[in-house]
Amino acid sequence: MATDTLKSTPGAQGGAVGGLRRLLLDNGALTALIVLVIAMSALSGDFLTADNLLNVGVQAAVTAILAFGVTFVIVSAGIDLSVGSVAALSATVLAWSATEAGIPVVLAVVLAVATGIVCGLVNGFLVSYGKLPPFIATLAMLSVARGLSLVISQGSPIAFPDSVSHLGDTLGGWLPVPVLVMVVMGLLTAFVLGRTYIGRSMYAIGGNEEAARLSGLRVKKQKLAIYAFSGLFAAAAGIVLASRLASAQPQAAQGYELDAIAAVVIGGASLAGGTGKASGTLIGALILAVLRNGLNLLSVSAFWQQVVIGVVIALAVLFDTVRRKAGATAPAAGASGGGKGKQALTYVIAAVVAVAVVGATSLLHNGSSAADRPKIGLSLSTLNNPFFVQIRDGAEEEAKKLGVDLTVTDAQNDASQQANQLQNFTSGSLSAVVVNPVDSDAAGPSVRGANQAGIPVIAVDRGVNEADTSALVASDNVEGGALGAKALAEKLGGKGTIVILQGQAGTSASRERGAGFAEGLKDYPGIKVVAKQPADFDRTKGLDVMTNLLQAHPDIDGVFAENDEMALGAIKALGSKAGKSVQVVGFDGTPDGLKAVRAGTLYASVAQQPSELGRIAVRNALRAVEGEKVEKMVKVPVKVVTKENVAGFEG
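The C-terminal position of the sequence shown is numbered 662 in our numbering, with every residue numbered one higher than the one before it.
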């Protein structure tokens, strides 16, 4: 039976070179982490600071906690794709129970943990008794848990109870609580894997399930427990994540299941089962966090960051193959403590070497004078949308003009990823930060951190709640929604049926534009909304959703889409009806949207001049850095652009 400690075969121990080679092979993840830390320390003078290293720990915490739970499943030759959605559902249940339902916080926490365990038990039942492949069973739970999270929250973030939000704070003003939770969960994982009957059962099932069954293990019941553990850890991760954001986000932790699996694999576990250890999983999570943190500090494009992380995962699996071919073997369960003592000594030596080398490389940055050019960080909610790409382009153009070094990051519509990026900005040597929040509430804690560090923050397009910003540079989404309602209603002569394509659930832009449209429509009682469906600000989803809605409502007269991308998808679905029997109004004034307005297929777009938003945001950030007076609210006018006035409009 495999355990969590690898040792080399006798034949591989010839000479100092062979011993070093074996040390590197048997501790590949640790070696990679040390190399990464040394490299980042040499490349960035902002990496090796106490604040930034604590940031790395905080940013690794949620992924590590999820990954600890996934370790149990992978060791037993399973897979769990649902942990990200279960984390979001558990946090949503806690927030809703404590706020909307008025349940005592302690009981709400118990309900959240129970939610995670129940989801895990359902996964285990489907795998063990339903005979579904783990991939299919957990993929189904991924969808169910995410859907329930959206149903409970109605697509909007829910404020987290203050007593639980302290999990996102620090002890003594410097030690982050998420790091402590990560350490406790890691120790629990190590104990379960190495010291309990169920831990030994996991290795047995992963090594050879049939042999484990024939030896008397109740494999089906063991799998129930294994997936229940995964659900428990997912619930813990969800609570920690929501605490950091001070709110339960129904779309939180999307894609985190892949990070969790990657951390386990990078840490040396095999997807074939039978091997894996808590320390390896922790190292894998730290590698991912160090990569993202360091690449942020080095101003590497968010798109290239995904490429780098993918390469690292592939290399980790390749290294595992090389290690096995080189003769790394696993000792039997209950092996003597000598192996663990040797492993502990290895970690101590590695730490000493890392500290020595990192200390030496840090001297490269000591005494160097700070650059004369001011440095500004720009965190955008997404770059997978032409509107925000235009904000970036305008910001970069203005930064170049003013002689400013601009670092741009992409949060990919993930509030927790944006929180990480803002923390990285705060611990770096930036003069100011410009943030376009994924969610106004979730950005608050990170912006407060920048406030404490004395770094001026400019919000663009969306405000930040419960934090101080030097200025908000924005169009009025509510006003824009009302203008869109007026334009569509007047085009339809004040009567008709329409459908609404909503943006991504939980985002402030979708809520505000939808609220403004609903308010504006009150002046036109003859207009009836027959359907509302989210299409996530995406053109392809806009096409699909509109196609489906036309089956139920083939005779509609108009469409309001909360951005131009969805409007363009709707136009494609409408075909020859667009601009003739069906009028479509979009939002943003993107180049493709204005092109459709000129062609007559899109009746109007509520244009925000995104490039101007970016330019003004950078300009005001520099003013704040130089101590000049900055207006608290800088309004960039919105304008309804139709075929009649599109020729003179520049987006």
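Every residue, glycine too, gets a C-beta built ideally from N, C-alpha and C.
Among the options, which has the Cα closest to the Cα of residue i?
i, options, result
"residue 419", "195, 444, 256, 566", "444"
"residue 126", "157, 595, 113, 138", "157"
"residue 80", "161, 163, 244, 546", "244"
"residue 166", "76, 544, 578, 555", "544"
"residue 384", "415, 409, 239", "415"
"residue 562", "546, 579, 585, 571", "585"
"residue 468", "487, 488, 486, 441", "441"
"residue 466", "388, 410, 405, 89", "388"
"residue 89", "172, 230, 69", "230"
"residue 282", "659, 216, 501, 474", "216"
"residue 195", "116, 272, 642, 72", "72"
"residue 398", "280, 565, 616", "616"
"residue 405", "433, 621, 660", "621"
"residue 410", "629, 46, 149", "629"
"residue 610", "46, 234, 579", "579"
"residue 437", "58, 319, 292", "58"
"residue 526", "488, 639, 40", "488"
"residue 481", "637, 386, 45, 190", "637"
Rounded to whole angstroms, what is the Cα-Cα separation between residue i and residue j?
i, j, result
"residue 634", "residue 333", "55 angstroms"
"residue 650", "residue 326", "51 angstroms"
"residue 654", "residue 528", "21 angstroms"
"residue 523", "residue 392", "16 angstroms"
"residue 382", "residue 299", "With a pLDDT of only 49 at residue 382, under 50, the local geometry of the prediction cannot be trusted, and no value is derived from it."
"residue 177", "residue 62", "19 angstroms"
"residue 602", "residue 99", "35 angstroms"
"residue 20", "residue 49", "Residue placement at residue 20 cannot be trusted, given a pLDDT of 45 that sits under 50; what the coordinates show is reported in the next sentence. Residue 20 and residue 49: Cα-Cα distance of roughly 30 angstroms."
"residue 145", "residue 164", "28 angstroms"
"residue 631", "residue 93", "43 angstroms"
"residue 42", "residue 161", "42 angstroms"
"residue 342", "residue 519", "Note on residue 342: pLDDT 42, under 50, position unreliable in the model; no value is reported."
"residue 648", "residue 119", "44 angstroms"
"residue 604", "residue 413", "30 angstroms"
"residue 548", "residue 581", "12 angstroms"
"residue 180", "residue 187", "6 angstroms"
"residue 302", "residue 84", "25 angstroms"
"residue 501", "residue 591", "15 angstroms"
"residue 316", "residue 254", "26 angstroms"
"residue 619", "residue 608", "15 angstroms"
"residue 589", "residue 174", "52 angstroms"
"residue 116", "residue 172", "7 angstroms"
"residue 77", "residue 642", "43 angstroms"
"residue 531", "residue 598", "15 angstroms"
"residue 463", "residue 274", "32 angstroms"
Please go through the same chain and pick out, in chain order, the residues whose beta-carbon is closer than 6 angstroms to the beta-carbon of residue i, but skip the five residues on each side of it.
i, result
"residue 426", "256, 260, 449, 450, 453"
"residue 429", "390, 422, 449"
"residue 96", "153, 156, 157"
"residue 560", "510, 542"
"residue 310", "418"
"residue 293", "75, 197"
Please work out which residues of its chain come closer than 8 angstroms, Cβ to Cβ, to residue i, disregarding the five sequence neighbours upstream and downstream, and give them in chain order.
i, result
"residue 11", "What the structure shows of the chain is the stretch from 12 to 662, and residue 11 is not part of that stretch, so it cannot be assessed."
"residue 114", "108, 122"
"residue 129", "242"
"residue 669", "Residue 669 lies beyond the residue range present for the chain, which begins at 12 and ends at 662; the question has no answer from this structure."
So, under 8 angstroms CB-CB, residue i and residue j are touching, yes? Tell me the CB distance rounded to an integer number of Å.
i, j, result
"residue 627", "residue 645", "6 angstroms"
"residue 295", "residue 278", "3 angstroms"
"residue 290", "residue 170", "Their Cβ separation, rounded to whole angstroms, is 37 angstroms, which puts residue 290 and residue 170 out of contact at 8 angstroms."
"residue 570", "residue 556", "Not quite, the Cβ-Cβ distance comes to about 11 angstroms (not below 8 angstroms), so this is no contact."
"residue 51", "residue 305", "4 angstroms"
"residue 613", "residue 595", "5 angstroms"
"residue 396", "residue 576", "6 angstroms"
"residue 458", "residue 471", "At roughly 13 angstroms, the Cβ-Cβ gap does not stay under 8 angstroms, so residue 458 and residue 471 are not in contact."
"residue 477", "residue 455", "4 angstroms"
In chain order, what residues of the same chain have a beta carbon less than 7 angstroms from the beta carbon of residue i, not counting five sequence neighbours either side?
i, result
"residue 394", "313, 400, 403, 421"
"residue 133", "152"
"residue 521", "513, 514, 515, 573"
"residue 567", "508, 509, 510, 541, 593"
"residue 424", "392, 393, 449, 515"
"residue 583", "554"
"residue 380", "Low confidence applies to residue 380: its pLDDT is 41, below 50, so where it sits in the model is not reliable, and the reading given next is rough at best. Contacts found: none."
"residue 252", "73, 98, 102, 263, 264, 427"
"residue 308", "55, 57, 58, 435, 439"
- Task: Please determine if the stretch 530–540 and the stretch 498–507 are in contact, where contact requires at least 3 C-beta pairs separated by less than 8 angstroms.
- Result: yes
- Is there contact between the stretch 489–497 and the stretch 190–209, where contact requires at least three CB pairs shorter than 8 angstroms? no
- Query: Would the stretch 191–200 and the stretch 134–144 be scored as touching if the rule is three or more Cβ pairs under 8 angstroms?
  - Reply: no
- Would you call the stretch 223–243 and the stretch 263–270 touching, i.e. three or more CB-CB distances under 8 angstroms? no
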